[in-house]
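Be aware that the sequence shown starts at 5, since it is given in the numbering used here, and climbs by one per residue.
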Amino acid sequence: MERLFTIPVNEAFENAAGDAGGCPFCALVEKLTNDEVDLILGASMMEPDVRIKTNEAGFCDRHFPMLFEGGKRLPLALMLESHVARVRERMKPSGLASLVPSKAGAASAKTVSEIAKSCYLCDRIEYNLSRMIETAALLWESESAFREKTEAVPFFCLPHYARFLDAAKERLSGREFGEFFSALSKKEDGYIASLGDDVSAFCRSFDYRQGGEPLTDAEKRAPERARDFLAGKPVEQAKK
Ligand SMILES: [Zn+2]
Ligand SMILES: [Zn+2]
Numbered sequence: 005m006e007r008l009f010t011i012p013v014n015e016a017f018e019n020a021a022g023d024a025g026g027c028p029f030c031a032l033v034e035k036l037t038n039d040e041v042d043l044i045l046g047a048s049m050m051e052p053d054v055r056i057k058t059n060e061a062g063f064c065d066r067h068f069p070m071l072f073e074g075g076k077r078l079p080l081a082l083m084l085e086s087h088v089a090r091v092r093e094r095m096k097p098s099g100l101a102s103l104v105p106s107k108a109g110a111a112s113a114k115t116v117s118e119i120a121k122s123c124y125l126c127d128r129i130e131y132n133l134s135r136m137i138e139t140a141a142l143l144w145e146s147e148s149a150f151r152e153k154t155e156a157v158p159f160f161c162l163p164h165y166a167r168f169l170d171a172a173k174e175r176l177s178g179r180e181f182g183e184f185f186s187a188l189s190k191k192e193d194g195y196i197a198s199l200g201d202d203v204s205a206f207c208r209s210f211d212y213r214q215g216g217e218p219l220t221d222a223e224k225r226a227p228e229r230a231r232d233f234l235a236g237k238p239v240e241q242a243k244k
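What follows is the structure, given as C-alpha cells:
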C-alpha cells in the first residue's frame with residue numbers, strides 16, 4: 005500500500021460521511037484537480053521536465069478552461085508556444101509513409117487523434133486516483149476503522165463504484181471480496197432506491213393534480229443528485 009495516499013484517502017472517506025456527503029473519490033478528483041491546476045500555473049509551469057510532458061500531451065477541453073481561469077496569460081502562452089511547435093512537428097508525416105499521400109494521411113489521422121485525446125492533467129490525476137482507489141481497497145482489507153468509514157459513506161458514484169470493485173477484486177482474497185461486495189452493493193442499492201423515489205417526487209411536483217406537497221431539499225436537488233450518482237460529480241472550476 006502506498007503510505008503517501010493513506011492520509012488523503014482517510015480524510016476523503018471521513019468527510020464523505022453523512023447526508024451532506026457524497027462519493028469520496030469524486031472529492032479526491034476535485035482535490036487532485038485543484039492541486040494539479042495550482043501546480044501547473046505555479047511552480048511547475050517553467051520546469052523543463054514538465055514542459056517536455058505538456059509539449060507532448062497538451063490539455064483537454066475540460067482542463068484548458070481551468071488554466072485560462074488562472075489569469076496567467078504570458079506563462080500559459082509560453083507553454084502553448086512550445087506545445088504548438090511540438091504538435092506541428094508530430095503532425096508532419098515521417099519515414100516511408102511520407103512518400104505515399106494515402107499512407108501519410110492514415111498515419112496522420114492516428115497521430116492527430118492521439119494528440120487530440122491526450123491531456124497532461126488528465127494523466128496526472130488518473131495516475132494518482134488509480135493509486136488512491138487501490139489504497140482504499142487495501143485499507144478496507146487491513147483496517148476495521150476504515151471499514152466503518154466506508155460504511156458511513158452515503159454512496160459511491162457509479163464510475164468510481166465500478167473502479168473500487170475492480171481494485172478490490174484484484175487485491176482481496178475471494179472471501180474478503182465477497183464481504184466487500186456484500187457491504188457495498190447493499191449501500192449502493194439503498195441509495196439508488198431512495199434516489200429513484202426522490203427523482204419521482206421531483207417529477208410529480210410538476211403535476212398540478214398532485215400539487216401541494218412541498219419538496220424536501222434532497223428532492224429539490226434530485227436531478228443533480230442523479231447526475232452526480234450516475235456520472236460522478238463534475239469538477240467545474242479550479243478554486244482559484
Ligand atoms: Zn465518484
Ligand atoms: Zn484533461
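Ideal placement from N, C-alpha and C gives every residue a C-beta, glycine not left out.
Please identify the residue among the options whose C-alpha is closest to the C-alpha of residue i.
{"i": "Ala197", "options": "Pro97, Phe233, Gly182 and Glu34", "result": "Phe233"}
{"i": "Ala24", "options": "Val203, Glu183 and Pro158", "result": "Pro158"}
{"i": "Ala31", "options": "Ala235, Ser148 and Asn19", "result": "Asn19"}
{"i": "Phe184", "options": "Val203, Asp211 and Leu142", "result": "Leu142"}
{"i": "Gly75", "options": "Glu51, Leu45, Ser86 and Ser98", "result": "Leu45"}
{"i": "Glu217", "options": "Asp202, Pro52 and Arg77", "result": "Asp202"}
{"i": "Pro97", "options": "Cys27, Ala108 and Pro79", "result": "Ala108"}
{"i": "Arg7", "options": "Ala140, Thr37, Ile56 and Lys190", "result": "Ala140"}
{"i": "Arg225", "options": "Val91, Pro12 and Ser209", "result": "Ser209"}
{"i": "Asp53", "options": "Lys237, Arg213 and Met83", "result": "Met83"}
{"i": "Asp39", "options": "Cys27, Pro12, Gly182 and Cys64", "result": "Pro12"}
{"i": "Asp221", "options": "Ala235, Ala156, Leu78 and Leu199", "result": "Leu199"}
{"i": "Glu228", "options": "Ser48, Cys161, Ser177 and Tyr212", "result": "Cys161"}
{"i": "Met95", "options": "Ile119, Glu85 and Gly22", "result": "Ile119"}
{"i": "Ala81", "options": "Ala156, Gly194, Met49 and Glu155", "result": "Met49"}
{"i": "Arg66", "options": "Ser86, Asp127 and Gly26", "result": "Asp127"}
{"i": "Glu15", "options": "Leu43, Ala149 and Thr115", "result": "Ala149"}
{"i": "Glu93", "options": "Arg213, Thr115 and Gly178", "result": "Thr115"}
Could you pull the start and end residues of the alpha helix (DSSP H) that residue i belongs to?
{"i": "Phe160", "result": "Unbroken run through Phe160: none, as it is neither H nor E."}
{"i": "Thr220", "result": "Where Thr220 is concerned, there is no enclosing alpha helix (DSSP H), given that its DSSP letter is neither H nor E."}
{"i": "Phe150", "result": "Ser148 to Ala156"}
{"i": "Asp39", "result": "Pro28 to Leu45"}
{"i": "Ala89", "result": "Arg77 to Met95"}
{"i": "Pro52", "result": "Pro52 to Ala61"}
{"i": "Asp65", "result": "Asp65 -> no alpha helix (DSSP H), and no H or E assigned at all."}
{"i": "Lys121", "result": "Pro105 to Lys121"}
{"i": "Pro12", "result": "Arg7 to Asn19"}
{"i": "Lys191", "result": "Gly178 to Arg208"}
On the CB-based measure, 16 or more other CB atoms within 10 Å of its CB, does residue i come out buried or exposed?
{"i": "Val33", "result": "buried"}
{"i": "Ala113", "result": "exposed"}
{"i": "Leu36", "result": "buried"}
{"i": "Phe72", "result": "exposed"}
{"i": "Lys237", "result": "buried"}
{"i": "Ala171", "result": "buried"}
{"i": "Glu240", "result": "exposed"}
{"i": "Gly194", "result": "exposed"}
{"i": "Leu188", "result": "buried"}
{"i": "Ala61", "result": "buried"}
{"i": "Gly26", "result": "buried"}
Confirm, please, whether the CB-CB distance from residue j to residue i is below 7 angstroms.
{"i": "Phe9", "j": "His164", "result": "no"}
{"i": "Tyr124", "j": "Thr58", "result": "yes"}
{"i": "Ile129", "j": "Phe168", "result": "no"}
{"i": "Trp144", "j": "Arg151", "result": "yes"}
{"i": "Phe206", "j": "Glu223", "result": "yes"}
{"i": "Ala101", "j": "Ala89", "result": "no"}
{"i": "Phe181", "j": "Lys173", "result": "yes"}
{"i": "Phe68", "j": "Lys153", "result": "no"}
{"i": "Met70", "j": "Val41", "result": "yes"}
{"i": "Ala47", "j": "Ala156", "result": "no"}
Can you determine whether any heavy atom of ligand 3 sits closer than 6 angstroms to the C-beta of residue i, and answer yes or no?
{"i": "Cys161", "result": "Among the ligands modelled here, namely ligand 1 and ligand 2, ligand 3 does not occur."}
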